[in-house]
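Asker:
Residue numbers (UniProt numbering): 1 to 105.
1. Helix, strand or coil for residue 20? Go by DSSP, reduced to three states.
2. Please confirm whether residue 42 and residue 36 have their CB atoms less than 8 Å apart.
3. To which residues of the same chain is residue 61 closer than 6 Å at the C-beta, ignoring the five residues directly before and after it?
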């Protein structure tokens with residue numbers, strides 16, 4: 001499951017195994033047998049599918065936040081001519097093969 005999740009989130013981080021801290025719970029998977037016995041309840045989503053859905057949700061949230069930040073930067077650049085001039089200078093320097101964008105000084 002770890003490899004599936006690493007692939008899904010695009011992580012190349014190594015897995016590091018460490019000793020558990022003293023206050024670390026020994027059991028991370030809740031025992032749902034009481035809910036099953038008393039209420040007849042059982043999960044509708046497997047743990048694997050739930051994790052994949054959770055990863056998708058947070059990836060979407062991060063993409064949304066990144067888009068909002070880019071929009072704010074654009075608004076700022078349109079309000080502040082100095083910022084825009086600097087951005088154009090950087091663009092001209094970073095991509096000399098493109099036709100340079102005229103920058104008013």
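All C-beta atoms in this analysis are idealised placements derived from N, C-alpha and C, irrespective of residue type, glycine included.
Since the model is a prediction, treat every value here as computed from it, not as a measurement.
Answerer: Checking against the coordinates, here is how it stands:
1. coil
2. yes
3. none
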